[in-house]
Each structure stands twice: as C-alpha cells, then as structure tokens.
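One line per chain: the protein sequences are A and B, in this order.
Note that the first sequence covers residues 2 to 108 in my numbering.
Note that the second sequence covers residues 2 to 108 in my numbering.
All C-beta atoms in this analysis are idealised placements derived from N, C-alpha and C, irrespective of residue type, glycine included.
These figures come from a predicted structure and were not determined experimentally.
2 protein chains.
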Amino acid sequence: MKNSTSLFFDAFANKNRFDILTELRKKELCAGELQKTLGIEQTHLSHDLSCLLNCKIINVRRDGRKRIYSINHEIKEIVSMIMTHVKTYEAYLKKCGVLGEEDNGRI
Amino acid sequence: MKNSTSLFFDAFANKNRFDILTELRKKELCAGELQKTLGIEQTHLSHDLSCLLNCKIINVRRDGRKRIYSINHEIKEIVSMIMTHVKTYEAYLKKCGVLGEEDNGRI
DNA sequence: TCGTTATATGAAAATTTTATCATATATAAA
DNA sequence: TTTATATATGATAAAATTTTCATATAACGA
C-alpha cells in the first residue's frame, strides 16, 4: 500500500487532473464547462473529478442539474508555490528520461 | 507530452522515490546505505536515484567508490509543508479508490 | 594487473494507471 | 410522465510505469 503522501502526489501527477486544477484555480466551473475547455472525454473527466473530490483537493456543490466544482483553498496555495519552484527545474524535468516520454528538444 | 509540473509530481508520486527522500531528509547517505535501510533491489534503487538526480531533487558527490546523496534544500521545505498538509487528508487519500489500491479498512 | 566492492545502464517482464465504452442516475423542462 | 440534459459508475482495453534481469563501468586494495 502506498503511503498517503505518495497518494497525494499521484492526484497531481496526472496531466488531466492537473489541467482541471489549473482551470479551477482561476474560477469555479461545472463539469460541462471543464469538458469544453479541456477537451477531455466526459466519463474520463468525471472519473478524474471524483478522484480529486475523494482526496478533498476540490469541492463540489449542486446548482440545478449541474455540479459546480471549486478548488480547496489550502491546495491552491501549495500548488502556487510548487508552480513557482518548478519553473527553475523545468528543463531538467523534461529531460529526466525516467518520468514520462523524454523531451528530445525537437520542434 | 506532460507538463513539467506533472513531471515534478511524478517524481514524488512513487513510493520508493518518496521513501528515498524521507531518508535523505534526515541525513545524506550513499546508495548502499539507502539500499540496506529501504530494502530496495540495487538496480531499482539506482534507477530511482538517477531520476531524482535528473530532476535536481537530490544532489550527489563522490567519496572514493561511494556516491553520497543529499536532498535539495528547497525541496526539503516543500516536502515538509506538504507532509504536514497531507496529515489532514490522510483518511480520504487512502480511500480514494482511483489512486493506488483502495484501503478497505481491514486489518 | 586482478579481484572485489559500489553503483549504473539498457532491455524486458510485471504491474499500475489512464482512457474508453456501455450504461446508469438524477434533475429539469415539455 | 416522457424526453432531454448533465453527470456518474463499472468493466475492460490501451498505454505508461515500475520492477527485475543481465551486464557494464568505475574505483580501490592486494
């Protein structure tokens, strides 16, 4: 069993989930709006939203038949801090060769 | 291609790599000492160390035929902050059901 | 130089995660 | 009370990651 800190990072380590958070950092949105903005398939988005929700990284409230998602305030601060930090290491991260597809530098 | 922030989280989202960081947060260690402490197979550990090294999450220096690894200072602070935060959400993270194996609560 | 210790590398097997598909539920409007 | 819209769920297919295996390199001491 993974430890809870690894699980926490897992939630962010996924491009779609991180993209969701990037949008929700700007403003709260319903699933349909997120789908349009991010171009993710509906059921896939729904799975990722429920993951973020389970982990209390985002919150949800009802509005008619829509569900409005918003980011957890504390998380928002942590993510901001990390995003600033990552800028320094961006080039290294993209060339790691262990994580994800390696960036070969081509355009 | 993943964005660099996802890659950064990937580096931490792995149990072995996170365990390595947990040890290095206490004190610098060579590969052999890490292997003994964590019980990870040698080549596997070596792969994970090179990942963390590529991402500049840890540093290395030579001492004879040993290589001494230490954690990057800024990273150490970020990790501390997150570990504190995660404690609050621990129970939710372990029951997420999307991340890793689900914790069914049994003993 | 030769053997031994310490660590790294590359490829493949094993396992996990992510993405998709079919279908379900819940709410509102007609 | 039927239909349409919005979103969720569970199972499997597809893809990516982690682990292992075989082997390589590098430094030290005899």
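For residue j and residue i, believed in contact at Cβ under 8 Å, the rounded distance
{"i": "isoleucine 59 of chain B", "j": "isoleucine 72 of chain B", "result": "5 Å"}
{"i": "cysteine 97 of chain B", "j": "cysteine 52 of chain A", "result": "6 Å"}
{"i": "leucine 79 of chain B", "j": "histidine 86 of chain A", "result": "Checking the displayed sequence, the identity of residue 79 of chain B turns out to be isoleucine instead of leucine. Correct: roughly 6 Å between the Cβ atoms."}
Below-9 Å beta-carbon distance, residue i vs any chain A residue
{"i": "leucine 8 of chain B", "result": "yes"}
{"i": "histidine 74 of chain B", "result": "no"}
{"i": "serine 71 of chain B", "result": "no"}
{"i": "isoleucine 21 of chain B", "result": "no"}
{"i": "lysine 77 of chain B", "result": "no"}
{"i": "isoleucine 41 of chain B", "result": "no"}
{"i": "aspartate 64 of chain B", "result": "no"}
{"i": "serine 81 of chain B", "result": "no"}
{"i": "lysine 27 of chain B", "result": "no"}
Residue i - containing alpha helix (DSSP H), residue span
{"i": "isoleucine 79 of chain A", "result": "74 to 95"}
{"i": "glutamate 66 of chain B", "result": "The sequence shown places arginine at residue 66 of chain B, not glutamate. Segment: none, arginine 66 of chain B is in no alpha helix (DSSP H) and carries neither H nor E."}
{"i": "glycine 40 of chain B", "result": "Here glycine 40 of chain B belongs to no alpha helix (DSSP H), and DSSP marks it neither H nor E."}
C-beta neighbour in chain B for residue i, strict 9 Å
{"i": "glycine 98 of chain A", "result": "yes"}
{"i": "glycine 101 of chain A", "result": "yes"}
{"i": "cysteine 31 of chain A", "result": "no"}
{"i": "isoleucine 59 of chain A", "result": "no"}
{"i": "leucine 94 of chain A", "result": "yes"}
{"i": "glutamate 91 of chain A", "result": "yes"}
{"i": "histidine 48 of chain A", "result": "yes"}
{"i": "histidine 45 of chain A", "result": "no"}
{"i": "lysine 3 of chain A", "result": "yes"}
{"i": "lysine 16 of chain A", "result": "yes"}
{"i": "phenylalanine 13 of chain A", "result": "yes"}
Assigned secondary structure, residue i (DSSP; H/G/I helix, E/B strand, else coil)
{"i": "cysteine 56 of chain B", "result": "coil"}
{"i": "asparagine 17 of chain A", "result": "helix"}
{"i": "leucine 30 of chain B", "result": "strand"}
Does the count of Cβ pairs from the region 10 to 17 of chain B and the region 8 to 21 of chain A closer than 8 Å reach three?
yes
Would the region 43 to 61 of chain B and the region 43 to 58 of chain A be scored as touching if the rule is three or more Cβ pairs under 8 Å?
no
Are there three or more Cβ pairs, one per stretch, closer than 8 Å when the region 22 to 33 of chain B is compared with the region 65 to 80 of chain A?
Short answer: they don't touch.
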